[in-house]
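Visitor: So the sequences go chain by chain: A and B.
Just so we're aligned, residue -6 is where the first sequence starts under the working numbering, counting upward by one.
Just so we're aligned, residue -6 is where the second sequence starts under the working numbering, counting upward by one.
Built from N, CA and C at the ideal position, the CB exists for glycine as well.
Since the model is a prediction, treat every value here as computed from it, not as a measurement.
Protein chains: 2
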Amino acid sequence: MTSIRAARQRRRGRVLEAAIFDAVLAELAEVGYGRLTMEGVAVRAGTAKSTLYRRWSSREELVIASLGHVMPDAGGLPDTGDLRSELIAALGALADVLAGPAGRAITAIIGELDRAPQLRAAAHEKLIDGRILGTRSIFERAAARGEIRAGAITPYAIKAGHAVVMTSRIIDGVSPSRRDIEDIVDQVVLPIMGPPAAHG
Amino acid sequence: MTSIRAARQRRRGRVLEAAIFDAVLAELAEVGYGRLTMEGVAVRAGTAKSTLYRRWSSREELVIASLGHVMPDAGGLPDTGDLRSELIAALGALADVLAGPAGRAITAIIGELDRAPQLRAAAHEKLIDGRILGTRSIFERAAARGEIRAGAITPYAIKAGHAVVMTSRIIDGVSPSRRDIEDIVDQVVLPIMGPPAAHG
DNA sequence: GAGATAAGAAACGCAATGGTTTCTTATCGG
DNA sequence: CCGATAAGAAACCATTGCGTTTCTTATCTC
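(1) Could you please give the first and the last residue of the uninterrupted alpha helix (DSSP H) stretch that includes residue 32 of chain B?
(2) Closer than 8 Å by C-beta to residue 104 of chain A: which residues in its own chain qualify, once you throw out the five before and the five after it? Chain order, please.
(3) Counting only beta-carbon separations shorter than 8 Å, does residue 159 of chain B have a partner in chain A?
(4) How is residue -4 of chain A classed by DSSP in three states: helix, strand or coil?
(5) Please determine, among B/108, B/72, B/52, the residue with the shortest C-alpha to C-alpha distance to residue 14 of chain B.
(6) If you measure between the beta carbons of residue 31 of chain B and residue 45 of chain B, is that distance less than 8 Å?
(7) Which chain B residues are close to residue 57 of chain A, counting only those with a beta carbon under 9 Å from its beta carbon?
(8) Tell me which residues of the stretch 100 to 126 of chain A have at least one Cβ-Cβ distance to chain B shorter than 9 Å, keeping chain order.
(9) Report the start-end ranges of each alpha helix (DSSP H) in the stretch 72 to 119 of chain A that is 4 residues or longer and not cut off at the edges.
(10) Which class does residue 184 of chain A belong to by DSSP, given the choice of helix, strand or coil?
(11) Rounded to the nearest angstrom, what separates residue 113 of chain B and residue 138 of chain A at their Cα positions?
(12) Nearer than 7 Å: is that true of the beta carbon of residue 161 of chain A relative to any heavy atom of the ligand ATP?
(13) How about residue 63 of chain B: is its C-beta nearer than 8 Å to some C-beta of chain A?
(14) Along the chain, where does the alpha helix (DSSP H) containing residue 157 of chain A start, and where does it finish?
(15) Taking residue 152 of chain B as the reference, give the member of A/10, A/177, A/6 with the closest Cα.
(16) Ignore the nearest five residues each way along the sequence and tell me which others in residue 106 of chain A's own chain have a CB closer than 7 Å to its CB.
(17) Taking DSSP as the reference, what is the three-state secondary structure of residue 167 of chain B?
(18) Which value, in whole angstroms, describes the spacing of the CA atoms of residue 173 of chain B and residue 64 of chain B?
(19) So, for residue 76 of chain A: in the same chain, excluding its five sequence neighbours on each side, which residues have a beta-carbon less than 6 Å away from its beta-carbon?
(20) Since residue 150 of chain B meets chain A, which of its residues come closer than 7 Å, beta carbon to beta carbon?
(21) If you run the structure through DSSP and keep just helix, strand and coil, what is residue 41 of chain B?
(22) Please say whether residue 145 of chain A and residue 102 of chain A have beta carbons closer to each other than 8 Å?
(23) What is the rounded straight-line gap between the Cα of residue 100 of chain A and the Cα of residue 163 of chain A?
(24) Closer than 8 Å, CB to CB, is residue 156 of chain A near chain B or not?
(25) Which residue wins for smallest C-alpha separation from residue 171 of chain B, given the options B/122, B/88, B/59, B/69?
(26) Should residue 194 of chain A go down as buried or exposed, given a rule of 16 or more other Cβ atoms within 10 Å for buried?
(27) If residue 127 of chain A sits next to residue 83 of chain A, beta carbons under 8 Å apart, how far is it from one beta carbon to the other, in whole angstroms?
(28) Express the C-alpha separation of residue 58 of chain A and residue 121 of chain B in angstroms, rounding to a whole number.
(29) By the 8 Å beta-carbon criterion, what residues does the stretch 0 to 13 of chain A contribute toward chain B?
(30) Closer than 7 Å, Cβ to Cβ, to anything on chain B: give me those residues from the stretch 23 to 51 of chain A, in chain order.
(31) Please report the straight-line C-alpha distance between residue 236 of chain A and residue 2 of chain B, rounded to a whole angstrom.
(32) Give me the Cα-Cα distance between residue 74 of chain A and residue 78 of chain B, rounded to the nearest whole angstrom.
(33) Would residue 182 of chain B pass as a contact of residue 80 of chain B if the rule is Cβ separation under 8 Å?
(34) Using a Cβ-Cβ cut-off of less than 8 Å, list which residues of the stretch 77 to 95 of chain A approach chain B; keep chain order.
(35) Take residue 187 of chain A and list the residues in its own chain whose beta-carbon comes closer than 6 Å to its own, dropping the five residues that flank it on each side.
(36) Tell me which same chain residues have a C-beta within less than 8 Å of the C-beta of residue 29 of chain A, skipping the five on either side of it?
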């Protein structure tokens, strides 16, 4: 896995840091946060402990920096005008993240959130908040088009689809397939929002 | 926290094991699974490492046994004939578990599930499966009474409420209050199941 | 090219764990 | 009350990790 470098090649700056961040993610996936060590990261990254301590003073700092580096920003989703396909795109993007290497790092970190508020803040910022906002926008546009009841747009309703996707990955260990995402949208998210005229 | 025992009091059997299990949960909450050590558990429980190793040969075994001991069995919920209150009771019971000491232990363990299939199996058995079955029963009884659409009872629909409660606790770090549970039931679960005649 | 910078290797003392073993003796069953 | 059982204390050695320091030298800037 770790590429073999010529013994006398020294990396610096971004290249070095990228190698370190990758090593952190790999360690998170392999041994978890609690057993992640500076030594382990250094060995895996092919660098020295002193190099790590020059940049980060603790495991927590290092892990937070790594998360920030690896988490794809919840890129703005396009306004296609089609509620169902937008929801599938949004939840599918979440499932894709959770299925990849970032997903393994995230699950490894979740058990620490109670003990490390900084980690929780980082997780929210990188993984959650943007997606919730994006989904709210999807709903609000659909409500403006008259496709759903505006009153159905509540915090829990917005979170429901994400919650199902995340628990599938975290608790069940299965990242939903595209087909699963469609089922979640059709069987959970869309029914929650209901048809605009059905509340009589 | 740890009660002081008279130095020469020796505990055996159930009493001793209960003290050990409590110590495991406390250690899980305090340092997490990855940093839980046999030494730490022994000290906290006021016993000796040898006593632990006589019973469990590894951390994983010990933790699984502790989980089995502390998790309240998802006791069968009464058939009251009222869908909404039954859902509130079911999700409220889950929230209560997650809010208590068992909840801290559970969140501490979640990050290990990818690496420890035995833990995942134990978590499902003790925390998830029974509750999902219970909720399915609630829905089926309501469908039989004609209160909801039978076709709405799908695996994801059944899981949705639990997923919202669990992500609140695990990701947000907040165990839903009774009021939150009502909102979740009213804004998520009940809308998913829909009125019986609304699918025309 | 020369000088500044920092990567990487190595070793440091120290503390914590692992898992085992030995021994004493409290507590059990009968 | 006796004998079997096992709890708890202690010490064992090997390993791992911490966080720091020292030193060499590759790579950058000018």
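Guide: Per the coordinate set shown:
(1) Within the second sequence, the letter at position 39 stands for residue 32 of chain B. Residue 32 of chain B -> alpha helix (DSSP H) spans 31 to 38.
(2) Numbered from its first residue, the first sequence carries residue 104 of chain A at position 111. Excluding residues within five positions, the ones whose Cβ falls inside 8 Å are 25, 26, 27.
(3) As a first step, residue 159 of chain B is located in the second sequence; it is residue number 166 there, counting from the start. Yes, because at least one Cβ of chain A sits closer than 8 Å to the Cβ of residue 159 of chain B.
(4) Along the first sequence, one-based indexing puts residue -4 of chain A at 3. With a pLDDT of only 45 at residue -4 of chain A, under 50, the local geometry of the prediction cannot be trusted, and the value read off the model is given with reservation. The answer is coil: DSSP assigns residue -4 of chain A none of H, G, I, E or B.
(5) Translated into the one-based positions of the second sequence, residue 14 of chain B becomes position 21. Nearest C-alpha to residue 14 of chain B: B/52.
(6) Along the second sequence, one-based indexing puts residue 31 of chain B at 38. Along the second sequence, one-based indexing puts residue 45 of chain B at 52. For residue 31 of chain B and residue 45 of chain B, yes; Cβs fall inside 8 Å.
(7) Your numbering for residue 57 of chain A matches position 64 in the first sequence. Simply none; closest approach about 16 Å.
(8) 100, 101, 102, 103, 104, 105, 106, 107, 108, 110, 113, 116, 117, 120, 121
(9) 76 to 92, 94 to 103, 110 to 116
(10) Here the question's residue 184 of chain A lines up with position 191 in the first sequence. The answer is helix: DSSP assigns residue 184 of chain A an H, G or I state.
(11) For the purposes of this step, residue 113 of chain B is taken as residue 120 along the second sequence, with counting starting at 1. For the purposes of this step, residue 138 of chain A is taken as residue 145 along the first sequence, with counting starting at 1. Residue 113 of chain B and residue 138 of chain A: Cα-Cα distance of roughly 44 Å.
(12) The ligand ATP is not part of the structure shown, which contains no ligands of any sort.
(13) Locating residue 63 of chain B in the second sequence gives position 70, where the first residue counts as 1. False, the Cβ-Cβ gap to chain A never drops below 8 Å.
(14) The residue you call residue 157 of chain A lines up with position 164 of the first sequence. From DSSP, the alpha helix (DSSP H) with residue 157 of chain A extends over 148 to 160.
(15) Taking the second sequence and counting its residues from 1, one reaches residue 152 of chain B at position 159. For residue 152 of chain B, the nearest C-alpha among the options comes from A/177.
(16) The residue you call residue 106 of chain A lines up with position 113 of the first sequence. 112, 113, 116.
(17) Residue 167 of chain B sits at position 174 when you count from the first residue of the second sequence. Correct three-state label for residue 167 of chain B: coil.
(18) In the second sequence, the residue the question calls residue 173 of chain B occupies position 180. In the second sequence, the residue the question calls residue 64 of chain B occupies position 71. Taking the straight line joining both Cα atoms gives about 23 Å.
(19) Position 83 of the first sequence, counted from the first residue, corresponds to residue 76 of chain A. Taken in chain order, the residues that qualify are 135, 140.
(20) Taking the second sequence and counting its residues from 1, one reaches residue 150 of chain B at position 157. Those are 180, 181, listed as they occur along chain A.
(21) Within the second sequence, the letter at position 48 stands for residue 41 of chain B. Of the three classes helix, strand and coil, the one that applies to residue 41 of chain B here is coil, per DSSP.
(22) Translated into the one-based positions of the first sequence, residue 102 of chain A becomes position 109. Translated into the one-based positions of the first sequence, residue 145 of chain A becomes position 152. No, the pair does not count as a contact, with Cβ atoms beyond the cut-off.
(23) The residue labelled residue 100 of chain A in the question sits at position 107 within the first sequence. The residue labelled residue 163 of chain A in the question sits at position 170 within the first sequence. Whole-angstrom Cα-Cα distance: 6 Å.
(24) Locating residue 156 of chain A in the first sequence gives position 163, counting from the first residue. True, the Cβ-Cβ gap to chain B drops below 8 Å.
(25) Along the second sequence, read from residue 1 onward, the residue named residue 171 of chain B stands at position 178. Nearest option by C-alpha distance: B/88.
(26) Nothing about residue 194 of chain A can be read from this structure; chain A reaches only from -6 to 193.
(27) What you label residue 127 of chain A is simply residue 134 of the first sequence in a count that begins at 1. What you label residue 83 of chain A is simply residue 90 of the first sequence in a count that begins at 1. Going by Cβ atoms, the distance from residue 127 of chain A to residue 83 of chain A rounds to 6 Å, so yes, they are a contact pair.
(28) For the purposes of this step, residue 121 of chain B is taken as residue 128 along the second sequence, with counting starting at 1. For the purposes of this step, residue 58 of chain A is taken as residue 65 along the first sequence, with counting starting at 1. Taking the straight line joining both Cα atoms gives about 34 Å.
(29) none
(30) 25, 26, 27, 28
(31) Nothing can be reported for residue 236 of chain A: it is not among the residues displayed for chain A, which extend from -6 to 193.
(32) As a working note, residue 74 of chain A is residue 81 in the first sequence. As a working note, residue 78 of chain B is residue 85 in the second sequence. About 38 Å.
(33) Position 189 of the second sequence, counting from 1, holds the residue named residue 182 of chain B. Position 87 of the second sequence, counting from 1, holds the residue named residue 80 of chain B. Yes; because the gap between Cβ atoms is below 8 Å, this pair is in contact.
(34) none
(35) What you label residue 187 of chain A is simply residue 194 of the first sequence in a count that begins at 1. The residues are 142, 145.
(36) What you label residue 29 of chain A is simply residue 36 of the first sequence in a count that begins at 1. 17, 20, 21, 52, 56, listed in sequence order.
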